[in-house]
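Student: Chains as they are written, first to last, in the UniProt record's numbering: chain A, 1 to 952; chain B, 1 to 157. Backbone N, C-alpha and C define an ideal beta-carbon position, used for all residues, glycine too. This one's a predicted model, so the numbers in the text were calculated from it and none came from an experiment.
Structure follows, in structure tokens:
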């Protein structure tokens with residue numbers, strides 16, 4: 001006997017074995033349909049007695065196992081049901097021959113047999129035969145079950161007669177020696193008349209009768225016979241049979257104690273590879289009608305519990321072993337079996353049965369010892385399939401006793417066995433399926449959400465191995481999508497445990513796989529219904545913070561002043577409380593002060609970090625939002641190896657107004673696209689992800705005719721500004737043309753202009769600026785793309801009579817007239833365009849003051865006198881620029897007042913320190929200036945007077 | 001002379017046999033806080049060994065029952081023998097488990113020696129826990145603990 005039946009359990013000892021086999025050509029599905037119907041008759045209560053007969057059906061049974069039928073009668077095939085298709089009467093004799101042939105295979109042990117013929121009609125079918133039943137088709141056979149019941153009853157009659165036959169054997173008769181196949185040659189030539197031999201025969205026969213009693217439903221008789229057998233066999237050291245007798249005792253006791261059976265329901269009895277479907281069906285049907293046959297008869301109790309006259313023992317529970325004893329006896333039996341190499345299968349099966357009993361008793365530790373023993377039982381050369389079966393059953397049994405890790409371990413070994421290199425056609429599918437079943441044992445779930453809470457705590461090394469195996473198996477199965485999913489999962493969840501080298505390898509193979517089958521965010525569903533949730537690479541790159549950015553100043557929305565009052569009323573009526581209850585979660589959802597505008601490019605800044613030891617290429621990185629319609633504009637990043645924090649700005653355009661929440665971001669790394677949601681990333685710091693998007697607003701672009709100021713005034717936070725600068729003489733007038741262009745998509749409706757002077761005392765300056773708004777306003781509303789021009793007149797009218805204070809104030813800056821804030825309730829875009837600014841008017845003005853110095857510097861005095869005479873520089877500021885040939889610039893400024901003048905060196909050779917020099921008459925001033933200029937000019941190296949340019 | 005040499009060798013082998021091949025510290029929630037084994041090329045095998053031994057540890061703990069939890073002995077004894085190794089277990093009162101794997105061939109190993117190894121391990125682990133910078137539940141990265149474990153392990157020759 002070489003093939004163990006791992007499904008066996010203790011109560012199988014009371015069953016009779018019936019083999020159901022097809023004869024000739026029977027379609028497999030039809031056969032199994034009939035088989036299932038036959039197998040449904042697993043228990044038959046016998047008429048006129050309170051006994052039940054239990055039947056175990058097999059569609060496949062090795063004849064060599066049948067040879068062990070004397071050893072344990074439940075291994076004996078006592079019934080045969082053949083199923084055949086017979087189309088015509090012509091085939092009938094042949095079919096019948098085949099049936100008889102099949103009967104001969106189990107011939108020696110069969111009590112009875114039946115042939116079910118399908119498809120045959122006519123004369124032959126009408127004859128009445130007890131051993132053959134005719135049905136017209138597989139679909140039309142209503143009384144199969146009834147037939148089988150009759151058949152079982154006939155088996156019972158034979159069984160009962162055999163039992164009585166054996167049980168009433170008188171000790172004087174010659175008892176034949178029962179033996180197992182491998183013993184036969186050992187007894188050749190033995191003295192059959194010795195006491196020892198006789199006892200051996202008796203003991204074995206007792207044991208056999210015990211088996212028959214158990215099968216025939218006479219539990220108490222069986223117990224008694226077993227006890228007697230144990231005594232007899234122990235005295236002659238017939239260990240193999242002693243083991244069997246002990247096991248019989250155990251089985252009977254188990255049946256008594258655990259009427260529900262030890263198979264553990266359908267869960268514990270999955271159909272194994274070899275045994276087929278019939279098992280599952282009958283396991284569910286297995287039902288014990290309680291210990292109904294136990295009728296206590298105290299009068300029959302004897303001291304040793306063993307009596308030759310078994311009739312008085314009926315109904316006694318005394319002989320039954322207690323739960324503790326059952327295990328002890330199993331241990332003993334197994335130790336006896338262990339003495340025989342050829343009884344390995346028996347030993348293994350006994351171990352399995354004992355484990356099932358212990359599982360019911362919830363004694364996991366002892367069960368594990370039995371299993372440990374079972375692992376080491378050597379059954380000789382096992383085929384690969386048998387190995388797989390053995391490992392899976394070990395796994396199942398470990399699972400049964402609650403050793404989930406051990407169970408997972410063996411399941412994994414079984415999985416590896418499926419694809420062992422010695423197998424010509426590796427079963428990758430089976431391997432993959434088994435590997436998936438090991439996941440709970442390694443406390444590994446394939447949902448990345450379970451890994452998002454802080455650092456992963458688990459058996460990383462072991463789990464990683466398992467994931468690698470899943471990847472490999474799924475690839476060999478020809479399902480690259482699964483490989484990608486598993487590999488992504490590995491990379492995402494085990495990143496902290498991968499070495500640099502492994503990171504490289506994993507990403508490389510991931511890229512290989514994704515080149516064929518890109519990874520996505522869809523849930524993968526396996527054929528058996530297991531769902532593989534998507535894996536988002538939240539660690540590639542790692543995001544540290546998310547910050548929504550305000551729009552640039554020029555695009556920020558501003559509240560119209562007129563509406564401000566209304567706004568006040570919306571404030572909360574509640575009294576301010578300093579106690580702010582806030583949690584992180586609320587913070588995340590809190591509103592942001594600023595607003596975004598529909599149709600404008602809005603930005604979100606992420607601080608990212610690349611944990612990989614190589615450059616990370618992130619493609620299609622974009623924002624995920626909820627709320628309003630949002631058009632994300634994806635970006636591509638290249639993050640250097642193990643970069644520090646790296647700012648990345650993701651942009652997008654809200655297309656509708658409302659509230660927008662940035663829920664996460666989208667990436668594509670190594671060919672795997674992932675949607676990373678912020679709610680799953682507790683480590684990300686954010687200052688709020690929800691912002692209001694207001695309807696789109698008009699945009700105004702402002703350009704001026706004057707050049708842009710080199711030193712723009714500091715704009716206040718809320719104001720937009722654009723600075724232009726112009727230098728004018730007192731009394732001079734200039735026009736400033738301001739062009740306002742609507743570059744947005746909305747109409748522009750109102751326009752207001754105001755002016756303000758700053759930095760100076762108002763009384764001195766008065767109004768410089770004047771404009772006429774009417775013309776511009778008449779063009780409103782301004783349609784998109786249209787522009788309006790506004791002319792501002794700048795007229796400088798300064799009163800220098802104020803004296804020194806004014807000049808002091810003016811110092812070297814001249815007058816700054818700034819501001820020109822165009823106050824509009826709408827937003828303004830001030831984009832002075834450098835290339836369009838007209839310089840003409842100014843340059844022409846200065847032209848005539850541009851004088852080249854002759855070699856005689858007296859020109860300066862003449863020039864100044866001329867100006868003074870013309871009152872040109874009276875009450876004015878004159879700036880004199882001198883450019884020497886080596887391109888050095890000197891600047892002097894002259895303030896000419898009514899009574900006093902100043903000469904201020906603004907930019908001079910270093911010898912001159914910026915010092916005011918006051919003079920009281922023009923002639924003095926001119927002289928001073930002349931000297932000064934001459935000195936300075938001479939100080940310049942290799943001066944050629946022709947080249948000195950004097951500019952006023 | 002010869003006599004002393006053989007005694008030396010004998011002492012050496014006894015000393016050697018006292019050593020473990022794998023030492024692991026398992027958190028209350030059954031994930032490893034620390035695991036170290038001698039032959040580095042076969043590290044994974046020891047991971048499997050220790051991992052499966054947890055089934056037995058859990059069973060042993062639950063078998064004792066709650067009532068007995070107070071006077072429960074910390075030392076669990078031999079968890080299970082494998083072909084090449086013997087696996088011993090120890091559970092602290094806070095349900096942190098220590099597992100020591102020794103070579104089965106070291107038959108001279110006595111139970112007392114295993115017990116003393118566990119005691120040492122427990123003391124050293126307590127020191128680790130006392131470190132204010134150690135977060136309970138994190139993997140152990142203590143040099144002192146490391147060196148103590150190394151001292152208990154068979155030196156890779």
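Would the beta-carbon of residue 28/B fall within 7 Å of that of residue 96/B?
Tutor: Contact: yes.
Student: Under the three-state reduction of DSSP, which class applies to residue 847/A: helix, strand or coil?
Tutor: Only weak support is given to the placement of residue 847/A: the predicted model assigns it a pLDDT of 29, under 50, and the value that follows is read from those uncertain coordinates. Helix, per DSSP.
Student: Would you please verify whether the beta carbon of residue 506/A is less than 7 Å from any beta carbon of chain B?
Tutor: No, its Cβ sits nowhere closer than 7 Å to a Cβ of chain B.
Student: What does residue 60/B reach in chain A if we use C-beta pairs closer than 9 Å?
Tutor: By Cβ distance, chain A contributes 365.
Student: Residue 241/A by DSSP, collapsed to three states: which one?
Tutor: Residue 241/A: helix per DSSP, three-state reduction.
Student: How many whole angstroms separate the CB atoms of residue 724/A and residue 653/A, which I take to be in contact at a CB cut-off of 8 Å?
Tutor: No, residue 724/A and residue 653/A are not in contact; Cβ-Cβ is about 32 Å, not under 8 Å.
Student: Starting from residue 19/B, trace the alpha helix (DSSP H) both ways and give me its first and last residue.
Tutor: It is not in any alpha helix (DSSP H) - residue 19/B carries neither H nor E in the DSSP assignment.
Student: Beta carbon of residue 431/A, beta carbon of residue 420/A: below 7 Å?
Tutor: No, they are not a contact pair.
Student: Apply the 10 Å Cβ neighbour rule to residue 16/A and answer buried if 16 or more other Cβ atoms are within range, or exposed otherwise.
Tutor: Residue 16/A should be labelled buried.
Student: Name the chain A residues that come within less than 8 Å of residue 44/B, Cβ to Cβ?
Tutor: By Cβ distance, chain A contributes 461, 462 and 465.
Student: Would you kindly report the start and end of the unbroken alpha helix (DSSP H) that includes residue 216/A?
Tutor: That residue, residue 216/A, is in no alpha helix (DSSP H); it is neither H nor E in DSSP.
Student: Exposed or buried, what is residue 238/A when buried is set at 16 or more other beta-carbons lying within 10 Å of its beta-carbon?
Tutor: Buried, by the Cβ-count rule.
Student: Do you know offhand how far residue 149/B's Cα is from residue 219/A's?
Tutor: Those two C-alpha atoms are separated by around 59 Å.
Student: Determine whether the Cβ of residue 489/A lies closer than 7 Å to any Cβ atom of chain B.
Tutor: Answer no: the Cβ-Cβ gap between residue 489/A and chain B never drops below 7 Å.
Student: In the DSSP assignment, what are the bridge partners of residue 736/A?
Tutor: Residue 736/A pairs with 792/A.
Student: Does the contact criterion of 3 or more C-beta pairs under 8 Å hold for the region 150–165 of chain A versus the region 187–204 of chain A?
Tutor: Counting Cβ pairs under 8 Å, fewer than three are found: no touch.
Student: How would you label residue 674/A, buried or exposed, when you count the other beta carbons within 10 angstroms and need 16 or more for buried?
Tutor: Buried, because 16 or more other Cβ atoms sit within 10 Å of the Cβ of residue 674/A.
Student: Is there contact between the region 483–491 of chain A and the region 506–524 of chain A, where contact requires at least three CB pairs shorter than 8 Å?
Tutor: Verdict: yes, contact present.
Student: Tell me, to the nearest whole angstrom, how far the beta carbon of residue 684/A is from that of residue 592/A; I am working on the premise that it is less than 8 Å.
Tutor: Actually they do not touch by this definition, with Cβ atoms about 16 Å apart.
Student: Using C-beta distances below 6 Å, list every residue in its chain close to residue 33/B, excluding the 5 sequence neighbours before and after it, in chain order.
Tutor: The answer, listed in chain order, is 25, 27, 139 and 140.
Student: Among 84/A, 258/A and 489/A, which has the Cα closest to the Cα of residue 28/A?
Tutor: Nearest of 84/A, 258/A and 489/A to residue 28/A, Cα basis: 84/A.
Student: Per DSSP, residue 133/A is paired with what?
Tutor: Note: residue 133/A sits in a beta bridge opposite 116/A.
Student: What residue from 217/A, 136/A and 435/A has the CA that sits closest to residue 50/A's CA?
Tutor: That would be 217/A, whose Cα lies nearest to the Cα of residue 50/A.
Student: Taking DSSP's pairing of strands, which residues face residue 30/A in a bridge?
Tutor: According to DSSP, which records beta bridges pairwise, residue 30/A is partnered with nothing at all.
Student: Distance cutoff 7 Å, beta carbons only. Does residue 14/B sit that close to anything in chain A?
Tutor: Any reading at residue 14/B is ruled out, since the residue's pLDDT is 41, under 50, leaving its predicted position unreliable.
Student: With residue 4/A and residue 345/A assumed to form a contact (beta carbons below 8 Å), what rounded beta-carbon distance in angstroms separates them?
Tutor: Right, the Cβ-Cβ distance comes to about 4 Å (below 8 Å), so this counts as a contact.
Student: To the nearest angstrom, how far is the alpha carbon of residue 734/A from that of residue 794/A?
Tutor: In a straight line, the C-alpha of residue 734/A is about 5 Å away from that of residue 794/A.
Student: Residues in its own chain within less than 7 Å of residue 497/A by CB, not counting five upstream and five downstream?
Tutor: Once the five neighbours on either side are set aside, the close Cβ partners of residue 497/A are 460 and 464.
Student: Taking the C-alpha atoms as reference points, what is the distance between residue 130/A and residue 232/A?
Tutor: Near 42 Å, if we compare the C-alpha coordinates of residue 232/A and residue 130/A.
Student: Of the residues 112/A, 457/A and 441/A, which one's Cα is nearest the Cα of residue 137/B?
Tutor: The shortest Cα separation from residue 137/B among 112/A, 457/A and 441/A belongs to 457/A.
Student: Using the beta-carbon count (16 or more within 10 Å), is residue 7/A buried or exposed?
Tutor: Buried, since its Cβ has 16 or more Cβ neighbours within 10 Å.
Student: Of all Cβ atoms in chain B, is any one closer than 7 Å to the Cβ of residue 403/A?
Tutor: Taking Cβ atoms only, chain B reaches closer than 7 Å to residue 403/A, which makes this a yes.
Student: Can you tell me whether residue 12/A is buried or exposed, with buried defined as 16 or more other CB within 10 angstroms of its CB?
Tutor: Buried, since its Cβ has 16 or more Cβ neighbours within 10 Å.
Student: Quick check on the DSSP output: what are the complete alpha helix (DSSP H) runs of length 4 or more inside the region 118–152 of chain B, in order along the chain?
Tutor: For the region 118–152 of chain B, whole alpha helix (DSSP H) runs of length 4 or above, ordered along the chain, are 143–152.
Student: Note the first and the last residue of the continuous alpha helix (DSSP H) segment covering residue 97/A.
Tutor: Note, residue 97/A: alpha helix (DSSP H), 92–105.
Student: How many whole angstroms separate the CB atoms of residue 738/A and residue 702/A, which I take to be in contact at a CB cut-off of 8 Å?
Tutor: Rounded, the Cβ-Cβ distance is 6 Å, consistent with contact.
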